[in-house]
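J.: Going by my numbering, 934 is the number at position 158 of the sequence shown; the sequence numbering is gapless.
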Amino acid sequence: MIAAHRASNRDCAAPTRFGAWLRACAAAAIVALASAVSAPTASAQIADDPQNAVIFTVGLGYDSAADASPAQQGRVVIQLLPRFAPAHAERIKELAREGFYNGSAFHRVIDGFLAQTGSPGGDGVGGSDKPNLSAEFSAVRFERGVVGMARLADKDSANAQFFVMFEREASFDGIFTVVGVVTEGMDVLDRITRTHDFRERPLGAVPDRIISARIAAE
């Protein structure tokens, strides 16, 4: 569900349930659904691998976009899955080390669907100054807590933005790169501010933000 070619024409938007993508990707979604029974789950792929775990400190409850002091803070740990997406896992680690995600807004949060971040301007547009990545699709299913890479209509256009699923979304299977899974802090993500309704309409809310990101082993 590629929102890059919606009416707003925003770069690197995460998937959306509406629009032309549904028609263009219908066949692929059917294939994904047909294979869902035998597809591996992300939880089954989790290993204790601090070299590939990223710890995010998330700020919750900002009064305004200029507010530097959130009402609360929470910890979210994403275990990356280099076995399935080595280049994408390395990219998130690289950007975390460089401080790219520090201050990134959760600019697109839809209840019961997903939370997206990693846009440098906090508006869903753009990524890092690094080259886009070739797709690393796998059979891992998009379930609650799974982390996927946002991209344009071009399957090889993921760069820095990623999204976390609130619920299972079978139509994403094999369509977006699975890069990791949340192993700690889904309760924090459940509390972040919703920015859009289920029809992608902005709610006018002040988005919550990533305060910092670091590799667990470093």
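Using N, Cα and C, we set each Cβ at its ideal position, and we do this for glycine too. Every value quoted in this text rests on a predicted model; they were computed, and no experiment measured them.
Kindly give me the distance between the Cβ atoms of L979 and R970, rounded to whole angstroms, as I take these residues to be in contact under 8 Å.
T.: Contact flag correct, Cβ pair sits at about 6 Å.
J.: Closest by CA to V830, which one among I951, P907, N908 and N878?
T.: V830 has its Cα closest to that of N878, out of I951, P907, N908 and N878.
J.: Where are the beta strand (DSSP E) runs, 3 residues long or more, that stay fully inside the stretch 860–906, in chain order?
T.: Listed in chain order, they are 884–886 and 890–893.
J.: Can you have a look at G956 and say buried or exposed, based on whether 16 or more other CB atoms are within 10 angstroms of its CB?
T.: It is buried - the Cβ of G956 has at least 16 other Cβ atoms within 10 Å.
J.: Helix, strand or coil for F938, going by three-state DSSP, please let me know.
T.: Three-state DSSP puts F938 in a strand.
J.: Name the one or two DSSP bridge partners that M925 has.
T.: Bridge partners of M925: F938.
J.: Taking E960 and R859 to be in contact with their CB atoms under 8 Å, please state how far apart those CB atoms are, rounded to whole angstroms.
T.: Between R859 and E960 the Cβ distance is about 20 Å, and since that is not below 8 Å, they are no contact.
J.: If contact is defined by three or more beta carbon pairs under 8 Å, each pair taking one atom from either stretch, is the stretch 826–845 in contact with the stretch 934–947?
T.: They do not touch, by the three-pair rule.
J.: Assign A810 to one of three DSSP states: helix, strand, or coil.
T.: Confidence in A810 is poor, its pLDDT being 44 and thus under 50, which makes the residue's placement unreliable; the coordinate value appears in the next sentence. Helix at A810.
J.: Nearest by alpha-carbon distance to S845: which of G921, I991, E994 and P983 is it?
T.: Answer by Cα proximity: P983.
J.: Between which two residues does the beta strand (DSSP E) carrying N964 extend?
T.: Note that residue 964 corresponds to Val in the displayed sequence, not to Asn. Looking at the DSSP string, V964 is not in any beta strand (DSSP E); the run it does join, the alpha helix (DSSP H), is M962 to D966.
J.: Quick one: residues in its chain with C-beta nearer than 7 Å to the C-beta of A841, no 5 flanking neighbours on either side, listed in chain order?
T.: Once the five neighbours on either side are set aside, the close Cβ partners of A841 are V982.
J.: Name the DSSP bridge partner or partners of A989?
T.: DSSP lists F832 as partners of A989.
J.: Rounded to whole angstroms, what is the Cα-Cα separation between A847 and Q937?
T.: Taking the straight line joining both Cα atoms gives about 25 Å.
J.: Within a Cβ cutoff of 6 Å, which residues of the same chain sit near A861, ignoring the five residues on either side of it in sequence?
T.: Closer than 6 Å at Cβ, skipping near neighbours: E912, T953 and V955.
J.: If you check the beta carbons only, do V923 and V885 fall under 8 Å apart?
T.: Not a contact, by the Cβ cut-off of 8 Å.
J.: Can you tell me the Cα-Cα spacing of A804 and D843, whole angstroms?
T.: Legend: pLDDT at A804 = 46, less than 50; position of this residue unreliable, value from coordinates given subsequently. Taking the straight line from one Cα to the other gives about 43 Å.
J.: If you draw a straight line from the alpha carbon of G898 to that of D963, how long is it in whole angstroms?
T.: So the alpha carbons of these two residues sit roughly 23 Å apart.
J.: When the distance is taken between beta carbons, is V834 closer than 8 Å to I968?
T.: Their beta carbons are under 8 Å apart, which means I968 touches V834 by this criterion.
J.: To the nearest angstrom, how far is it from the Cα of I951 to the Cα of R927?
T.: C-alpha separation (whole angstroms): 10 Å.
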